[in-house]
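**Q** Take this structure first; my questions come after.
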Amino acid sequence: MNNIKLLLTCLSIVLAPVASAFADNPVNSGKAPDSTLQGPHDVASAEYRFPASTDQDVLPDRMTEIWGKVFYPKDIESASKKTPLIVMLHGNHATCGTGANPRHDNSCEYTESGMCPKGSVPVPNHEGYDYLAKNLASWGYVVTSINANRGITCGWGVEGDDGLNLARGRLVLKHLSLFYKWNTEGGAPASLGLGSQGLIGKIDFSSVGLLGHSRGGEGVRAAYNLYLDQGSPWQEKIPGLSIKAIYEIGAVDGQTSRVLDANGTVWNQLLPMCDGDVSDLEGRYPFERMLLNYSENPNAQKSLYEVWGANHNFFNTEWQSSDSYGCSAGTPIFDTNGSYSEKQQNIALASVPAFFRSHLGPDADPAYNKNFNPLHTLPDVVTRITQVDRDFTPSPGSTEMQVFDDFDKDTGVNSSGNQNLANQIEIKHINLDQYRPQRVATIIWNAAGPDTFFEAVWAGAGQGRDVRSYATLDFRIARMANEKNTETATDFDIALEDAAGLVSKAVHASDYAIVNGPGSGYNNVLQTVRVPLTAFQGIDLSKVHGVKFIFDKTRTGALYLGNIRLHKQTGLGKLAAADTNTTTSAMKMIREYAVRNIVRQQPEYVPASLNKIRSIRVMGKSFAISGKPAVEISLASQVPFPVTNRLPVLQIGDKKFTLSRYTDVTALKELTFTLTQEQYNSVSKNSEVTVSDGKIWKFGSIAQSLK
């Protein structure tokens, strides 16, 4: 115990300059406002719910249901201005549960039948965001949270939509079309308490926001894209709809045949860095794809809000068991044995209302956008709970941004075609991982000093380029999970060089960011560092030749460096006076979130003795909706397959398949995967069969099961 106290004392002495500089630097100042407080409006809430039907607009092959809970200002009928609308969509979860506080959600019977077993109740998945909807309604918004239980949540995938996220997008648009009708023609449900004409002329469809959690995140992104499709029928059903802002929490990505991004609208993703469900944090993939969209029009801000210590489930108060065993790095802000996390709810309240209040409606306050811009300090309500890193761009569009180096050429070559410089470091240009086109440089050094550096060279010898029309130099950074990162945080200097060879006064990275990850343990999650160009003194900004990263502070280190860019905007929000009251919380974060040796959690296996390949059936009809010959493989286990937001993966040898459904919706002990006949013929019948869904279920081989 004494040794631990001594270590913490030493850390606080060593790291004090880092934390203090970050908190007090005037350039980094202008604290973001706190959005957790309730607004001036009293709030009413009510549900609307219509009988289940086979709705061709949503899914033509099963029953779905229109069911939502609305929060609105009680004085909406006397409001003089139209009100922005926000639609919320939950993710994939069981649809029936037993008990209460906590409720154990363990069945999907409601999905297919609209009823739950005796002793069970339908899971109100949509009520998990009541705390957010109430806050937003108190500030004058109409908010509806959709229940997608019938037919979709825990439902069977279809070809091209394994996770039913395109279906979720259509369900969102269906709800929007109903609100449009109630807003223009009347007919609002009596259950809302406003009368059938009470919403006429009250909603501003030119200022709509979407929020989606998990599969709901890709679902709302799907709604945005489906509406904008050329010839989309939704444009006639909801004329004039403009989705101005999309906020996602722990979203999935790639569960449909379409690549779904949010080009042309403001977008944010909250990444729970201890996510045990979407554990690869794939919600960051759209951000990285959109960073490469140099032709974005209109320009629109994109951001990641990376919450250390958060799990996946507890942003929804109705998901009452933790998805995560804990954190491979950092301190959990949830109890692994608990049923909720007040800290995570407070983090959501500090970011979701801030996001929508800064972008929606005539009363939008851009000051709240500071919460997402790394130039500004986060409010105390966040920093006293946990560390949040931010990835950010005002827009990747070339009219807003100039690439300095995206590391998109061979190692040693700048994006401009010039030769970069390096000394006493190891550097390599790589894809961040095999699933992403995003490129970075890996930089490793063994000894710090003024001659240990990397320089991105932007212009030819003796030449420079004019940057005076730009406001900031931005770059993305993360520590690698590498033994060279022996210190609690990494610091280095940044300087600009001009055509005459003059080097600016160096600025410290620690004045602009705390670089002490990787906060997620083994995922490559970067943050954006933004430095105003006015910070680089002593050179000619009309002739910038290169930018130097000088590794002279931390003894050894290993970093990812990516997307060095110049931006014309500092971002929405105005720089203010220096903050001086966050030093203690910043110090506490660095000390508590120290990361040294990251050990990846080993997967848990369910042995073959508990599992069985129940049947392999050649289907005489069609494969999903494409008409292809099909084979169904049903796999049973004594250990239930959980209802998660990632897709269950059937692996046979080196081949993987994700189109599946529960064929035991009561106990969740049987999954059936559908393959085309061609896919089935391609697999080795002697290869190991497994199903991955958090755990890994082993089944032996197909050949063994056929004996």
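Going by my numbering, the letters in the sequence shown line up with residues 10 to 716, in that order.
All residues carry an ideal CB built from backbone N, CA and C; glycine is no exception.
Just so we're clear, the structure is a prediction, and the values are computed from it rather than from any experiment.
Applying the 10 Å Cβ sphere with the 16-neighbour rule, what's the burial state of L1?
**A** No answer is possible for residue 1: the residues shown for the chain start at 10 and end at 716.
**Q** Out of D460, I252, L656, point me to the one whose CA is closest to S288's CA.
**A** One-based indexing of the sequence shown puts residue 288 at position 279. Here the closest residue by C-alpha is L656.
**Q** With H, G and I counted as helix, E and B as strand and the rest as coil, what does DSSP make of T193?
**A** The residue you call residue 193 lines up with position 184 of the sequence shown. The answer is helix: DSSP assigns T193 an H, G or I state.
**Q** Taking 7 Å as the limit between beta carbons, can you name the residues of its chain near V67, skipping five residues before and five after?
**A** Position 58 of the sequence shown, counted from the start, is the residue given in the question as residue 67. Contacts found: T73, A176, R179, L180, K183.
**Q** Can you name the residues that DSSP bridges to Q447?
**A** Numbered from 1 along the sequence shown, position 438 holds the residue referred to as residue 447. BP columns for Q447 are empty, so no partner.
**Q** With distances taken between CB atoms, is the gap from V540 to V516 smaller than 8 Å?
**A** Residue 540 sits at position 531 when you count from the first residue of the sequence shown. Residue 516 sits at position 507 when you count from the first residue of the sequence shown. Yes, these two residues count as a Cβ contact at 8 Å.
**Q** Can you check which of these residues, Y377, I486, S348, is closest to A522 by C-alpha distance?
**A** Working through the sequence shown from its first residue, we reach residue 522 at position 513. Of the listed residues, the one whose Cα sits closest to A522 is I486.
**Q** Please report how far the alpha carbon of T675 lies from the alpha carbon of G526, in whole angstroms.
**A** As a first step, residue 675 must be located in the sequence shown, where it is residue number 666. As a first step, residue 526 must be located in the sequence shown, where it is residue number 517. Rounded to the nearest angstrom, the two C-alpha atoms are 42 Å apart.
**Q** Near L505, which residues of its chain fall below 6 Å by C-beta distance, leaving aside the five closest residues on each side in sequence?
**A** Translated into the one-based positions of the sequence shown, residue 505 becomes position 496. The residues are S513, F545, I548, V553, V556.
**Q** Looking at C-alpha atoms only, which residue of W243, C105, L235 is the closest neighbour of Q329?
**A** Along the sequence shown, read from residue 1 onward, the residue named residue 329 stands at position 320. Minimum Cα distance to Q329 is reached at C105.
**Q** Express the C-alpha separation of N427 and G292 in angstroms, rounding to a whole number.
**A** Along the sequence shown, read from residue 1 onward, the residue named residue 292 stands at position 283. Along the sequence shown, read from residue 1 onward, the residue named residue 427 stands at position 418. G292 and N427: Cα-Cα distance of roughly 34 Å.
**Q** Alpha helix (DSSP H) containing N432: first to last residue?
**A** In the sequence shown, residue 432 corresponds to position 423, counting from 1. Taken as a continuous stretch (DSSP letters only), N432 belongs to no alpha helix (DSSP H), being part of the beta strand (DSSP E) at 430-432.
**Q** Y57 by DSSP, collapsed to three states: which one?
**A** To locate residue 57, count along the sequence shown from 1; it is residue 48. Reduced to three states, the DSSP call for Y57 is strand.
**Q** Does Q65 come out as helix, strand or coil in the three-state DSSP assignment?
**A** On the sequence shown, residue 65 is found 56 positions in, with the first residue counted as 1. In the structure shown, Q65 sits in coil (DSSP, three-state: anything other than H, G, I, E or B).
**Q** Give the straight-line distance between the Cα atoms of K704 and E613, rounded to the nearest whole angstrom.
**A** Position 695 of the sequence shown, counted from the start, is the residue given in the question as residue 704. Position 604 of the sequence shown, counted from the start, is the residue given in the question as residue 613. C-alpha separation (whole angstroms): 5 Å.
**Q** Applying the criterion that 16 or more other CB atoms from any shown protein chain within 10 Å of the CB defines a buried residue, is F708 buried or exposed?
**A** Working through the sequence shown from its first residue, we reach residue 708 at position 699. When all chains shown are included, F708 counts as buried.
**Q** Can the beta-carbon of Q433 be found closer than 8 Å to that of A465?
**A** Here residue 433 is taken as the residue at index 424 of the sequence shown, counted from 1. Here residue 465 is taken as the residue at index 456 of the sequence shown, counted from 1. Against a cut-off of 8 Å, the Cβ pair of A465 and Q433 comes out as no contact.
**Q** Under a Cβ-count criterion, where at least 16 other Cβ atoms within 10 Å of its own Cβ denotes burial, should S618 be classed as buried or exposed?
**A** Taking the first residue of the sequence shown as position 1, residue 618 is located at position 609. Exposed: under 16 other Cβ atoms inside 10 Å.
**Q** Taking only runs of the alpha helix (DSSP H) that begin and end inside the stretch 209-272, which ones reach a length of at least 4 residues, in chain order?
**A** Listed in chain order, they are 224-237, 243-246.
**Q** Where does M282 sit, in a helix, a strand or coil, going by DSSP?
**A** The residue you call residue 282 lines up with position 273 of the sequence shown. Three-state result, M282: coil.
**Q** Looking at C-beta atoms only, is the number of pairs between the stretch 108-126 and the stretch 312-319 that lie closer than 8 Å three or more?
**A** Contact between the stretch 108-126 and the stretch 312-319 is absent, because fewer than three Cβ pairs lie under 8 Å.
**Q** Sorted by chain position, which residues of the same chain lie with C-beta nearer than 7 Å to V692's C-beta, five sequence neighbours on each side aside?
**A** Counting from one through the sequence shown, the residue named residue 692 turns up at place 683. Closer than 7 Å at Cβ, skipping near neighbours: I661, G662, K664.
**Q** State the Cα-Cα distance for the pair Y602 and V534, rounded to the nearest angstrom.
**A** Here residue 602 is taken as the residue at index 593 of the sequence shown, counted from 1. Here residue 534 is taken as the residue at index 525 of the sequence shown, counted from 1. Confidence is the limiting factor: at Y602 the pLDDT is only 47, short of 50, which leaves the residue's position unreliable and the question unanswerable from this model.
**Q** So, under 8 Å CB-CB, S154 and G77 are touching, yes? Tell me the CB distance rounded to an integer number of Å.
**A** As a position in the sequence shown, residue 154 is number 145, starting the count at 1. As a position in the sequence shown, residue 77 is number 68, starting the count at 1. The pair is a contact, with the Cβ atoms about 6 Å apart (cut-off 8 Å).
**Q** What are the boundary residues of the beta strand (DSSP E) that includes T699?
**A** Working through the sequence shown from its first residue, we reach residue 699 at position 690. Its beta strand (DSSP E) spans residues 697-702.
**Q** Below 8 Å, how does it come out for the stretch 356-363 and the stretch 377-396: are there three or more Cβ pairs, yes or no?
**A** Segments in contact, yes.
**Q** Buried or exposed: which applies to L715, given that a residue is buried once 16 or more other Cβ atoms fall within 10 Å of its Cβ?
**A** Stepping through the sequence shown from its first residue, residue 715 is reached at position 706. With fewer than 16 Cβ atoms within 10 Å of its Cβ, L715 is classed as exposed.
**Q** Are there 16 or more other CB atoms within 10 angstroms of the CB of D284, so buried, or fewer, so exposed?
**A** Locating residue 284 in the sequence shown gives position 275, where the first residue counts as 1. It counts as buried.
**Q** Can you look up K311 in the DSSP assignment and give me helix, strand or coil?
**A** As a position in the sequence shown, residue 311 is number 302, starting the count at 1. Three-state result, K311: strand.
**Q** Please report the straight-line C-alpha distance between W317 and I394, rounded to a whole angstrom.
**A** The sequence position of residue 317 within the sequence shown is 308, counting from 1. The sequence position of residue 394 within the sequence shown is 385, counting from 1. W317 and I394: Cα-Cα distance of roughly 10 Å.
**Q** Which residue marks the beginning of the beta strand (DSSP E) containing V390, and which one marks its end?
**A** Your numbering for residue 390 matches position 381 in the sequence shown. First-last for V390: 389-392, but that is the alpha helix (DSSP H), not the beta strand (DSSP E).
**Q** If you draw a straight line from the C-alpha of N423 to the C-alpha of T402, how long is it?
**A** In the sequence shown, the residue the question calls residue 423 occupies position 414. In the sequence shown, the residue the question calls residue 402 occupies position 393. If you take the alpha carbons of N423 and T402, they lie about 21 Å apart.
**Q** Rounded to whole angstroms, what's the CA-CA distance from A508 to A271? Just pull it up for me.
**A** Translated into positions along the sequence shown, residue 508 becomes position 499. Translated into positions along the sequence shown, residue 271 becomes position 262. Looking at the two C-alpha atoms, the distance is approximately 39 Å.
**Q** Just the Cα atoms here: how many angstroms apart are L290 and Q354?
**A** Walking along the sequence shown from the start, residue 290 turns up at place 281. Walking along the sequence shown from the start, residue 354 turns up at place 345. One C-alpha to the other measures close to 19 Å.
**Q** So, are the CB atoms of R574 and F462 less than 8 Å apart?
**A** Taking the first residue of the sequence shown as position 1, residue 574 is located at position 565. Taking the first residue of the sequence shown as position 1, residue 462 is located at position 453. Not in contact: R574 and F462 (Cβ atoms no closer than 8 Å).
**Q** Alpha carbon to alpha carbon, how far is H222 from N346?
**A** Counting from one through the sequence shown, the residue named residue 222 turns up at place 213. Counting from one through the sequence shown, the residue named residue 346 turns up at place 337. Taking the straight line from one Cα to the other gives about 22 Å.
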